[in-house]
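Enquirer:
Protein chains: 2
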Amino acid sequence: MPKPVRKEVFPPARVRRYLEPGPIVLVSSHWQGRDNIMTLGWHMIMEFSPSLLACMISRGNHSHRMIRESGECVVNLPTTRLTDEVVGIGNCSGAGTDKFAAFGLTAEPASEVRAPLIGECHASFECRLHDDALVGKYDLFVFEVVKAHVAPSPRHPETLHYTGDGVFMVSGRIISRRPLFRPEML
Amino acid sequence: MPKPVRKEVFPPARVRRYLEPGPIVLVSSHWQGRDNIMTLGWHMIMEFSPSLLACMISRGNHSHRMIRESGECVVNLPTTRLTDEVVGIGNCSGAGTDKFAAFGLTAEPASEVRAPLIGECHASFECRLHDDALVGKYDLFVFEVVKAHVAPSPRHPETLHYTGDGVFMVSGRIISRRPLFRPEML
Numbered sequence: 001m002p003k004p005v006r007k008e009v010f011p012p013a014r015v016r017r018y019l020e021p022g023p024i025v026l027v028s029s030h031w032q033g034r035d036n037i038m039t040l041g042w043h044m045i046m047e048f049s050p051s052l053l054a055c056m057i058s059r060g061n062h063s064h065r066m067i068r069e070s071g072e073c074v075v076n077l078p079t080t081r082l083t084d085e086v087v088g089i090g091n092c093s094g095a096g097t098d099k100f101a102a103f104g105l106t107a108e109p110a111s112e113v114r115a116p117l118i119g120e121c122h123a124s125f126e127c128r129l130h131d132d133a134l135v136g137k138y139d140l141f142v143f144e145v146v147k148a149h150v151a152p153s154p155r156h157p158e159t160l161h162y163t164g165d166g167v168f169m170v171s172g173r174i175i176s177r178r179p180l181f182r183p184e185m186l
Numbered sequence: 001m002p003k004p005v006r007k008e009v010f011p012p013a014r015v016r017r018y019l020e021p022g023p024i025v026l027v028s029s030h031w032q033g034r035d036n037i038m039t040l041g042w043h044m045i046m047e048f049s050p051s052l053l054a055c056m057i058s059r060g061n062h063s064h065r066m067i068r069e070s071g072e073c074v075v076n077l078p079t080t081r082l083t084d085e086v087v088g089i090g091n092c093s094g095a096g097t098d099k100f101a102a103f104g105l106t107a108e109p110a111s112e113v114r115a116p117l118i119g120e121c122h123a124s125f126e127c128r129l130h131d132d133a134l135v136g137k138y139d140l141f142v143f144e145v146v147k148a149h150v151a152p153s154p155r156h157p158e159t160l161h162y163t164g165d166g167v168f169m170v171s172g173r174i175i176s177r178r179p180l181f182r183p184e185m186l
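Top line first, the protein sequences correspond to chains A and B.
For the first sequence, the positions run 1 to 186 when the UniProt record's numbering is used.
For the second sequence, the positions run 1 to 186 when the UniProt record's numbering is used.
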């Protein structure tokens, strides 16, 4: 059974480090006294500072209304230790299930939002709704990451990247090409 | 030196298979008689059908105007065979460089757009601008993938996933949890 992971405060302007590689995330929310979690693969960094993150949260998900009404969520980064939880959470609805209880996950208090952090995740990014201009047309939310928490090790956690059809790519080796970058591109 | 890869036509509704895991892509464009290429990490699948893809293309890039004016581009998927080209292309401007020539890449004709495919990439997705509502505010383009071309093998190409600081994560092993999915979630 995975255990909660100790995290440290991390600069919101640097969350691309964890999200730009394209991992599956678990989005936690809180509204009208209830918590929920959804599995999400469709997200994208949009800006460093303010730290903007776009997420496609389909209105078919129970979380859609919770996040739209509360204007908040937490984007949590699971590792392969949580593979079965990621799949299970993505295959049931928060309308009928308390997912924290059902999957044995720990809801920890956030500091800037009412949505909880998921203790067992490697990182948690507290988000506030920044722009809902495309929510009506595309279910596209633009969030600002207002506080970030990251476990100090491992430096490169083993993340899950969804390809559809029930199949995941797991993050592999790390390579640097730093000497080939212009300084202003780093 | 990488060589052009033979590709087959692929259903646009299934491009999430290649893009949802979050790889670095090479975006090719054509405007006023010139081709260009840029390296891009900020993209996101938005819908299966029509096949919608959001891309953040900063106005600081020469490609921004070419794509906005032509309303077209091709999103190409490079593998680790093209790592140095990916870095090189991301660290120079198309304003002063013919990047196809400079990096020894092959511009192949697309079928639905005037922007060229990059022959050496594993897959190429021809895109037409679908919605420019957020281009002015965020440089966010919403494209429709109108035609897709994918090399039939390998089934899981070794892709590059950028973490910032000149460091890439390379795609790793493949795992399936298909039996745990509800049929309608596949």
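We put the CB at the ideal spot given by N, CA and C, even for glycine.
These figures come from a predicted structure and were not determined experimentally.
Unbroken alpha helix (DSSP H) runs of length 4 or more, entirely within the UniProt domain "Flavin reductase like" (17-169) of chain B: which are they?
Expert: Correct list: 62-70, 83-90, 99-102 and 135-138.
Enquirer: Just checking: is the beta-carbon of A133 (chain B) within a distance shorter than 8 Å of some beta-carbon in chain A?
Expert: Residue 133 (chain B) sits at position 133 when you count from the first residue of the second sequence. So, interface residue.
Enquirer: Could you pull the start and end residues of the beta strand (DSSP E) that S10 (chain B) belongs to?
Expert: As a working mapping, residue 10 (chain B) is identified with position 10 in the second sequence. Sequence check: residue 10 (chain B) is Phe here, not Ser. Start and end: E8 to F10.
Enquirer: Does the count of Cβ pairs from the segment 74-91 of chain B and the segment 61-78 of chain A closer than 8 Å reach three?
Expert: Verdict: no, contact absent.
Enquirer: Kindly indicate if chain B contains any beta-carbon less than 8 Å away from that of L180 (chain A).
Expert: Within the first sequence, numbered from 1, the residue matching residue 180 (chain A) stands at position 180. Chain B contact via Cβ: present.
Enquirer: Chain B partners of L186 (chain A), CB-CB under 8 Å?
Expert: The count along the first sequence starts at 1 and reaches residue 186 (chain A) at position 186. Here the neighbours are G164, D165 and G166.
Enquirer: May I ask you to report which of helix, strand or coil DSSP gives R14 (chain A)?
Expert: Against the first sequence, residue 14 (chain A) aligns to sequence position 14. Three-state DSSP puts R14 (chain A) in a helix.
Enquirer: Tell me which residues share the same chain as H64 (chain B) and place their Cβ nearer than 8 Å to its Cβ, disregarding the 5 neighbours each side in the sequence.
Expert: Position 64 of the second sequence, counted from the first residue, corresponds to residue 64 (chain B). Excluding residues within five positions, the ones whose Cβ falls inside 8 Å are I57, S58 and D139.
Enquirer: What distance in whole Å lies between the Cβ atoms of A148 (chain B) and P11 (chain B), which are believed to be in contact at a cut-off of 8 Å?
Expert: Locating residue 11 (chain B) in the second sequence gives position 11, counting from the first residue. Locating residue 148 (chain B) in the second sequence gives position 148, counting from the first residue. Indeed, because the Cβ distance is near 7 Å, the residues count as touching under 8 Å.
Enquirer: Say whether chain A places a C-beta atom closer than 8 Å to the C-beta of H149 (chain B).
Expert: Within the second sequence, numbered from 1, the residue matching residue 149 (chain B) stands at position 149. False, the Cβ-Cβ gap to chain A never drops below 8 Å.
Enquirer: Classify R178 (chain A) as helix, strand or coil using the three-state DSSP reduction.
Expert: Taking the first residue of the first sequence as 1, we reach residue 178 (chain A) at position 178. In the structure shown, R178 (chain A) sits in a helix (DSSP, three-state: H, G or I).
Enquirer: Can you pull out the residues from the segment 136-148 of chain A whose beta carbon lies closer than 9 Å to at least one beta carbon of chain B?
Expert: Cβ contacts with chain B: K137, Y138, D139, L140 and V142.
Enquirer: Which value, in whole angstroms, describes the spacing of the CA atoms of R93 (chain A) and G60 (chain A)?
Expert: For the purposes of this step, residue 93 (chain A) is taken as the residue at position 93 of the first sequence. For the purposes of this step, residue 60 (chain A) is taken as the residue at position 60 of the first sequence. A small fix is needed here, since residue 93 (chain A) is Ser in this sequence, not Arg. One C-alpha to the other measures close to 10 Å.
Enquirer: Grab me the residues of V113 (chain B)'s own chain with a C-beta within less than 6 Å of its C-beta, minus the 5 sequence neighbours each way, in chain order.
Expert: As a position in the second sequence, residue 113 (chain B) is number 113, starting the count at 1. These residues qualify, in order along the chain: E72 and E126.
Enquirer: Measuring CB to CB, does T163 (chain A) end up less than 8 Å from S171 (chain A)?
Expert: By one-based count along the first sequence, residue 163 (chain A) stands at place 163. By one-based count along the first sequence, residue 171 (chain A) stands at place 171. Cβ atoms of T163 (chain A) and S171 (chain A): not closer than 8 Å.
Enquirer: Which one of B:E47, B:P21 and B:S111 has the shortest CA to CA distance from K137 (chain A)?
Expert: Looking up residue 137 (chain A) in the first sequence gives position 137. Here the closest residue by C-alpha is B:E47.
Enquirer: Looking at the C-beta of V87 (chain A), does it have a partner C-beta in chain B at a distance below 8 Å?
Expert: The residue given as residue 87 (chain A) occupies position 87 in the first sequence. Closer than 8 Å to some Cβ of chain B, the Cβ of V87 (chain A) qualifies, so yes.
Enquirer: Counting only beta-carbon separations shorter than 8 Å, does V75 (chain B) have a partner in chain A?
Expert: To locate residue 75 (chain B), count along the second sequence from 1; it is residue 75. No - not a single Cβ of chain A is within 8 Å of the one on V75 (chain B).
Enquirer: Does any residue of chain B have a CB that is nearer than 8 Å to the CB of S171 (chain A)?
Expert: Against the first sequence, residue 171 (chain A) aligns to sequence position 171. Taking Cβ atoms only, chain B reaches closer than 8 Å to S171 (chain A), which makes this a yes.
Enquirer: Residues of chain A with CB closer than 8 Å to the CB of E8 (chain B), please, in chain order.
Expert: In the second sequence, the residue the question calls residue 8 (chain B) occupies position 8. The contacting residues do not exist; E8 (chain B) stays about 18 Å from chain A at best.
Enquirer: Tell me, to the nearest whole angstrom, how far the beta carbon of N76 (chain B) is from that of L117 (chain B); I am working on the premise that it is less than 8 Å.
Expert: On the second sequence, position 76 is the one that residue 76 (chain B) refers to. On the second sequence, position 117 is the one that residue 117 (chain B) refers to. Rounded, the Cβ-Cβ distance is 7 Å, consistent with contact.
Enquirer: Could you check which residue in B:A54, B:E144 and B:A151 has the C-alpha nearest to that of A13 (chain B)?
Expert: Walking along the second sequence from the start, residue 13 (chain B) turns up at place 13. Among B:A54, B:E144 and B:A151, the Cα nearest to that of A13 (chain B) is on B:E144.
Enquirer: Among B:M169, B:V86, B:A95 and B:R173, which residue has its Cα nearest to the Cα of G22 (chain B)?
Expert: To locate residue 22 (chain B), count along the second sequence from 1; it is residue 22. Of the listed residues, the one whose Cα sits closest to G22 (chain B) is B:M169.
Enquirer: Mind listing the chain A neighbours of T79 (chain B)? Cutoff is C-beta to C-beta under 8 Å, in chain order.
Expert: Position 79 of the second sequence, counted from the first residue, corresponds to residue 79 (chain B). Simply none; closest approach about 13 Å.
Enquirer: Is G96 (chain B) close to chain A, meaning its C-beta is less than 8 Å from at least one C-beta of that chain?
Expert: On the second sequence, position 96 is the one that residue 96 (chain B) refers to. Not one chain A Cβ lies under 8 Å of G96 (chain B).
Enquirer: Using the C-alpha atoms, what's the distance from A101 (chain A) back to S111 (chain B)?
Expert: Numbered from 1 along the second sequence, position 111 holds the residue referred to as residue 111 (chain B). Numbered from 1 along the first sequence, position 101 holds the residue referred to as residue 101 (chain A). Approximately 52 Å, taken between the alpha carbons.
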